[in-house]
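Chains as they are written, first to last, in my numbering: chain B, 1 to 261; chain P, 1001 to 1241. Encoded as structure tokens, the structure appears first; notes follow it.
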Amino acid sequence: MTDASGLARPVLEVRDVRVAYGARTAVDGVSFEIHRGEIFGLLGPNGAGKTTTLSVIEGLVRSTSGEVLVDGVDIRQYPAAAKARLGIQLQSTSFQAELRIEQIVKLYGGLYGLRLTREQIIGSMREIGLYEEMGKRFKKLSGGQQQRLALFIATLHDPLLLLLDEPTAGLDPQSRRALWRRIEQLRGTDKSILLTTHSMEEAQAVCDRVAIIDRGRLLAIGAPAALISHHEGDPRVLAVARGPVTLEDVFIGLTGSEIRG
Amino acid sequence: MSSLLRADTIVLLRNTVSTIAGIFLPVMLIIASTFGKAQARLGGTENIIGLALTLGLVASCILGYSLALAYDRDAGVLQRLRVTPAPTWMIMTSRLLIQVAASLSSSVLVLTVAAILHGLTLSAGQYAIVLAVAILGSVMFLALGQALVGLVKSTSAVNAIGRVLFIVLVLLGVLGATGILGGTVQTIAAFSPVGALMTLFTDTLTSAGWAEQDLASLLACAGYAILFAFIGIRFFRWESR
């Protein structure tokens, strides 16, 4: 876990990543690192490049230039090894509608080389409150239940880094708080998490550091409190603040007030 | 791979469209042909069984496989699988292998029903060739289904076009081959995917053995399989957005 200099190696290194679709640049030279045990939030308006950046890290989109290292493993050169270190919850989570929970767990366990016994699965389902639903097909689960299962599947193989793309989108407040608690539990196990969100409340509540991205470029990066104190004198931020400066004011100040896609 | 194969088998068995289309249709045709003069009107026992075998393959591959693939792509199932360490070829190969196995099972069932109701008796060699032709037909129609999903992004459009394609292919293969639509259509029909495959099935089922025309049909089926597979792979997108 340490590099040649003896320093702890970042769990994720994103170096000067650029993604272009013809003349349109979706991600323009984005660089950041995530360290062990850190919860990192990627914030940005619709179409800012958050999901594309995440897709490059997940190996779903090939970057035009730059590199992504997961625990030192290049995702382009060694996709299987890099993906084995990642736990992923996509924005639109869907498993095969006709499979039952137990079958989904076995499928994804198998894809990560795990042999799970029925007792282990039952124990896990009790922990996440899905034991009663074990016999149900995925399509019969509620949105919150599907989200809980998706998070469980993402952490099934004990990954170093968890990627969560808008994990609380569409959840009721109870489910959202429950997910935040689960994220806090994962922080306690020294896992690193990269999440994208539109909720500044969520970013402030759970993230150690956040990066604000817009039009494919990284505009600011740092701890939420540090970002607020650094930008509280910025005229763009002061123009939108309605009281003490918040992370949302910094976000709107830096990315603009116009409504996006 | 075994986890994917297991999951894909479960999904396929629960896919009612695929089951009804791939098994129910050909078996019903065999049963229906035992009544009245249907057998003679449809060109004799071998023709009926050849048609039933072909119908099962077309239906399960075009109506079943392509629609299930389009639905999973639209719902994000394929993307979720792609972010696991499983290589993409494995994800697709698992589905195709299960579908070929299902087509073979359907063909065995059709032959069994035909043996009971029509007294079909084949040598071991003939059974082997029929099953080999069934594999070839399955590959050809799966490639066609893959090309459909590759060229059409919307699930509802895949569904609609798949149904039209199914009807057109079957009508061209069956009606065209009779000559009632003219000599040109008859020639086209004989080398259409359904027509060529029906020729191979029918000639294998008769004890006369293969003729020169069968080699042409075999080449036509292989050609279609290669062409559609190329289109299906070249234009396939893992997400519909």
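Where a beta carbon is used, it is the ideal one built from N, C-alpha and C, also for glycine. For clarity, every value in this text was computed on a predicted model and none was experimentally measured.
- Are the C-beta atoms of Ala-1101/P and some chain B residue less than 8 angstroms apart? As a first step, residue 1101/P must be located in the second sequence, where it is residue number 101. With 8 angstroms as the cut-off, Ala-1101/P does not count as an interface residue toward chain B.
- Using a Cβ cut-off of 8 angstroms (strictly closer), state whether Ile-121/B contacts chain A. Checking the listed chains, one finds no chain A in this structure; the protein chains it contains are B and P.
- Using three-state DSSP, classify Thr-1199/P as helix, strand or coil. Within the second sequence, numbered from 1, the residue matching residue 1199/P stands at position 199. Helix at Thr-1199/P.
- Task: Indicate whether at least one CB of chain P lies closer than 8 angstroms to the CB of Ala-169/B.
- Result: Within the first sequence, numbered from 1, the residue matching residue 169/B stands at position 169. Using a Cβ-Cβ cut-off of 8 angstroms, Ala-169/B does not count as an interface residue toward chain P, since no Cβ of chain P sits closer than that to its own.
- Item | Selection from Ile-252/B, Val-210/B, Arg-62/B that minimises the alpha carbon distance to Phe-32/B | Locating residue 32/B in the first sequence gives position 32, where the first residue counts as 1. That would be Val-210/B, whose Cα lies nearest to the Cα of Phe-32/B.
- Task: Using a Cβ-Cβ cut-off of 8 angstroms, state whether Thr-1084/P counts as contacting chain B.
- Result: Looking up residue 1084/P in the second sequence gives position 84. Taking Cβ atoms only, chain B reaches closer than 8 angstroms to Thr-1084/P, which makes this a yes.
- Task: Taking only the alpha-carbon atoms, compute the straight-line gap between Ala-203/B and Gln-89/B and give it to the nearest angstrom.
- Result: Residue mapping note: residue 203/B aligns to position 203 of the first sequence, counting from 1. Residue mapping note: residue 89/B aligns to position 89 of the first sequence, counting from 1. So the two alpha carbons sit approximately 17 angstroms from each other.
- Below-8 angstroms beta-carbon distance, Arg-1234/P vs any chain B residue: Position 234 of the second sequence, counted from the start, is the residue given in the question as residue 1234/P. Cβ-Cβ to chain B under 8 angstroms: no for Arg-1234/P.
- Task: From the DSSP output, in three-state form, read off Arg-115/B for me.
- Result: The residue given as residue 115/B occupies position 115 in the first sequence. Arg-115/B: coil per DSSP, three-state reduction.
- Message: Our contact map puts Val-68/B next to Val-17/B with C-beta atoms below 8 angstroms; I'd like the distance itself, whole angstroms only.
- Response: Numbered from its first residue, the first sequence carries residue 68/B at position 68. Numbered from its first residue, the first sequence carries residue 17/B at position 17. Sure, about 7 angstroms apart at Cβ, within 8 angstroms.
- How about Leu-1067/P: is its C-beta nearer than 8 angstroms to some C-beta of chain B? Position 67 of the second sequence holds residue 1067/P. The beta carbon of Leu-1067/P sits no closer than 8 angstroms to any beta carbon of chain B.
- Query: Quick one: which chain P residues come within Cβ less than 7 angstroms of Glu-58/B?
  - Reply: For the purposes of this step, residue 58/B is identified with residue 58 of the first sequence, where counting begins at 1. Near Glu-58/B (Cβ distances below 7 angstroms), the residues of chain P are Val-1083.
- Message: Does Phe-1035/P pass the burial test, meaning 16 or more other C-beta atoms within 10 Å, or should it be called exposed?
- Response: Within the second sequence, the letter at position 35 stands for residue 1035/P. Answer is exposed; the Cβ neighbour count stays below 16.
- Gln-103/B: contacting residues in chain P (beta-carbon distance under 7 angstroms): In the first sequence, counting from the first residue as 1, residue 103/B sits at position 103. Result: Ala-1007, Ile-1010.
- Query: Are the beta-carbon atoms of Val-1027/P and Val-1130/P separated by less than 8 angstroms?
  - Reply: Counted from its first residue, the second sequence places residue 1027/P at position 27. Counted from its first residue, the second sequence places residue 1130/P at position 130. At least 8 angstroms separates the beta-carbon of Val-1027/P from that of Val-1130/P.
- Item | Leu-1020/P (DSSP reduced to helix, strand or coil) | If you number the second sequence from 1, residue 1020/P lands on position 20. It should be noted that the sequence gives Ile, not Leu, for residue 1020/P. Shown here, Ile-1020/P sits in a helix according to DSSP, grouped into three states.
- Query: For the beta strand (DSSP E) that contains Ile-34/B, what are its first and last residues?
  - Reply: Along the first sequence, read from residue 1 onward, the residue named residue 34/B stands at position 34. Taken as a continuous stretch (DSSP letters only), the beta strand (DSSP E) holding Ile-34/B covers 24-34.
- List the DSSP bridge partners of Gln-89/B. Numbered from 1 along the first sequence, position 89 holds the residue referred to as residue 89/B. Partner(s): Leu-164/B.
- Within chain P, partners of Ala-26/B - CB distance below 9 angstroms: Locating residue 26/B in the first sequence gives position 26, counting from the first residue. Those within 9 angstroms of Ala-26/B in chain P number zero; the least Cβ separation is about 14 angstroms.
- With a cut-off of 8 angstroms on the beta carbons, I'd call Ser-1106/P and Ala-1068/P a contact; round off their distance for me. Here residue 1106/P corresponds to residue number 106 of the second sequence, with the count starting at 1. Here residue 1068/P corresponds to residue number 68 of the second sequence, with the count starting at 1. Contact flag wrong, Cβ pair sits at about 16 angstroms.
- Query: Distance, Cα to Cα, Leu-1169/P vs Leu-1111/P?
  - Reply: The residue you call residue 1169/P lines up with position 169 of the second sequence. The residue you call residue 1111/P lines up with position 111 of the second sequence. Distance between the alpha carbons of Leu-1169/P and Leu-1111/P: 22 angstroms.
- Query: Counting along the chain, where does the beta strand (DSSP E) carrying Ser-65/B start and finish?
  - Reply: Here residue 65/B refers to the residue found at position 65 of the first sequence. Looking at the DSSP string, the run of the beta strand (DSSP E) that includes Ser-65/B is 65-70.
- Message: Tell me which residues share the same chain as Gly-1064/P and place their Cβ nearer than 7 angstroms to its Cβ, disregarding the 5 neighbours each side in the sequence.
- Response: Within the second sequence, the letter at position 64 stands for residue 1064/P. Residues of the same chain with a CB within less than 7 angstroms of the CB of Gly-1064/P, apart from the 5 flanking positions on each side, are Asn-1015, Val-1017, Ser-1018, Ala-1021, Gly-1022 in chain order.
- Item | Cβ neighbour criterion (16 or more within 10 Å) applied to Asp-249/B | Within the first sequence, numbered from 1, the residue matching residue 249/B stands at position 249. Label assigned to Asp-249/B: buried.
- Answer yes or no: the CB of Arg-36/B versus the heavy atoms of the ligand ADP, is any distance below 7 angstroms? The ligand ADP is not among the ligands present in this structure, which contains no ligands whatsoever.
- Message: Taking the straight line between their C-alpha atoms, what separation do you get for Ser-94/B and Ser-1154/P?
- Response: As a working mapping, residue 94/B is identified with position 94 in the first sequence. As a working mapping, residue 1154/P is identified with position 154 in the second sequence. If I take the Cα positions, the gap works out to 17 angstroms.
- Could you check what DSSP says for Thr-2/B in three-state terms: helix, strand or coil? Locating residue 2/B in the first sequence gives position 2, where the first residue counts as 1. Confidence is the limiting factor: at Thr-2/B the pLDDT is only 47, short of 50, which leaves the residue's position unreliable, though a coordinate-based value still follows. Note: Thr-2/B maps to strand in three-state DSSP.
- Query: Taking buried to mean at least 16 other C-beta atoms within 10 Å of its own C-beta, is Thr-189/B buried or exposed?
  - Reply: Counted from its first residue, the first sequence places residue 189/B at position 189. Exposed is the call here.
- Contact set for Leu-161/B: own chain, Cβ-Cβ below 6 angstroms, skip 5 residues either direction: The sequence position of residue 161/B within the first sequence is 161, counting from 1. Residues Val-11, Leu-12, Leu-86, Ser-192 of the same chain have their beta carbon placed closer than 6 angstroms to that of Leu-161/B, with the five preceding and five following residues left out of the count.
- Query: Measuring CB to CB, does Trp-1238/P end up less than 8 angstroms from Leu-1012/P?
  - Reply: Looking up residue 1238/P in the second sequence gives position 238. Looking up residue 1012/P in the second sequence gives position 12. For Trp-1238/P and Leu-1012/P, no; Cβs fall outside 8 angstroms.
- Item | Cutoff 8 angstroms: Gly-1076/P Cβ touching any chain B Cβ | Counted from its first residue, the second sequence places residue 1076/P at position 76. Interface flag for Gly-1076/P against chain B is set, since a Cβ pair is found closer than 8 angstroms.
- Starting from the Cα of Leu-1205/P, find the closest Cα among Ser-1060/P, Ile-1098/P, Ala-1124/P, Ser-1103/P and give me that residue. Within the second sequence, residue 1205/P is the residue found at index 205, counting from 1. Among Ser-1060/P, Ile-1098/P, Ala-1124/P, Ser-1103/P, the Cα nearest to that of Leu-1205/P belongs to Ala-1124/P.
- Task: At 7 angstroms on the CB atoms, spell out the chain B contacts of Ser-1002/P, in chain order.
- Result: Taking the second sequence and counting its residues from 1, one reaches residue 1002/P at position 2. Ordered by position in chain B, the residues that pass the 7 angstroms Cβ test against Ser-1002/P are Gly-110.
- Query: Under 8 angstroms between C-beta atoms, does Arg-1237/P make it to chain B?
  - Reply: Mapped onto the second sequence, residue 1237/P falls at position 237. No - not a single Cβ of chain B is within 8 angstroms of the one on Arg-1237/P.
- Query: For Arg-78/B, which three-state DSSP category applies?
  - Reply: Translated into the one-based positions of the first sequence, residue 78/B becomes position 78. The amino acid at residue 78/B is misidentified as Arg; the sequence shows Tyr. In this structure, Tyr-78/B counts as coil in the three-state DSSP scheme.
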